[in-house]
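Residue numbers (the UniProt record's numbering): 1 to 308.
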């Protein structure tokens, strides 16, 4: 019958016959090897692709780092050039600052003031920016006749020349002059000799600090001349001689409570540096202005800064 030709169901479901035929087995082995080879090929391909991607990333990072390094170097160079240009500008401005108008003087002094004190860590947040009203008239008009402090004082920068000669306020001179060195202070004293006044000498080579404290306490001077470091120390030294630094300048050996004019002598040394740009004097000068001059300027309008 036709149904017998198809074979029984058990014979159809029995697949053991396929295992007894070697050609089929050979085909199966070849297929497994082929599959394994293909997988290895794909793995190698993926590895090459990953390596290529990593190489590209490394190249990109190297280029980025090189670019960033170059950009960083460019920024550093620009800052260095800018810093150098700023220093050069300040040095050049300082050399003729006494001849500039009050607005330029105020800007210059404020710039050097903030730079020095920020570098030293002093607080300047409460200090109001200097302006032209804090400054005495320029000395430019005196150039034709030759700069002379006696002539300058007689030009109207003081409230009264008679008061200068009859000054009776101990510890607080009417005029305080700051010079870059003791030698320059001596030169200023010689220039002022024509005024026939008692002048306080506030620099190291003349007297010891204790002697100057006693001198200021017992005597009055219309004019005092000194160097920034010694004047700063005197402005912080208590009158009673205790070890505690005076908090209020009015209670110290040198007080600006009655002082009318603080003169910054802008004489140039052999290298054309001034008291505002010399490392040995600039910081002490700015600290003195911060702790002694500024508090008085905040309290009253009749104290001025002059750049001579």
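Yeah, the Cβ is synthetic: ideal placement off N, Cα and C, and Gly gets one too. These numbers come from a predicted model, not from an experiment.
Under the three-state reduction of DSSP output, residue 252 falls in the strand class. Between the alpha carbons of residue 291 and residue 194 lies a gap of roughly 32 angstroms.
For residue 220, the pairing in a beta bridge is given by DSSP as 170.
Distance from the CA atom of residue 174 to the CA atom of residue 237, rounded to whole angstroms, is 19 angstroms. According to the DSSP assignment, residue 197 belongs to no alpha helix (DSSP H), since it is labelled neither H nor E. In its chain, beyond the 5 residues on either side, 95 and 274 have a beta carbon closer than 8 angstroms to the beta carbon of residue 268.
For residue 149, there is no enclosing beta strand (DSSP E); the residue is part of the alpha helix (DSSP H) that begins and ends at 149-152. Excluding its 5 nearest sequence neighbours in each direction, residue 258 has C-beta neighbours in its own chain below 6 angstroms: 169 and 172, listed in chain order. If you draw a straight line from the Cα of residue 265 to the Cα of residue 180, it is about 7 angstroms long. DSSP lists 305 as the beta-bridge partner residues of residue 135. For residue 192, the enclosing alpha helix (DSSP H) covers residues 182-192. Taking residue 298 as reference, the option from 127, 108, 122 and 115 with the minimal CA-CA separation is 127.
Residue 308 is a Cβ neighbour of residue 152, given a cutoff of 8 angstroms. Measuring C-alpha to C-alpha distances from residue 302 to each of 136, 278 and 253 identifies 136 as the nearest. Annotation for residue 239: no alpha helix (DSSP H) segment contains it, and DSSP assigns it neither H nor E. In the three-state reduction of the DSSP assignment, residue 177 falls in the strand class.
DSSP, read as helix, strand or coil, puts residue 127 in coil.
Under DSSP, residue 226 shares a beta bridge with 178 and 202. The distance from the Cβ of residue 131 to that of residue 98 is about 18 angstroms, inconsistent with a contact at the 8 angstroms cut-off. Between the alpha carbons of residue 280 and residue 224 lies a distance of about 21 angstroms. Straight across, the Cα-Cα distance linking residue 150 with residue 118 is about 36 angstroms. A residue is called buried when at least 16 other Cβ atoms come within 10 angstroms of its Cβ; residue 109 meets this threshold and is buried. The Cβ neighbour count for residue 125, taken over all protein chains shown within 10 Å, is under 16; the residue is labelled exposed. Straight through space, the alpha carbons of residue 227 and residue 121 are spaced by roughly 22 angstroms.
Around the C-beta of residue 89, fewer than 16 other C-beta atoms lie within 10 Å, and the residue is accordingly described as exposed.
Residue 134 counts as buried, since at least 16 other C-beta atoms from the protein chains shown sit within 10 angstroms of its C-beta. Collapsing the DSSP output to three states places residue 261 in a strand.
Considering only 162, 103, 184 and 163, the residue with the shortest C-alpha distance to residue 270 is 184. Non-local C-beta neighbours of residue 191 in its own chain, meaning closer than 8 angstroms and more than five positions away in sequence, comprise 148, 149 and 150, ordered along the chain.
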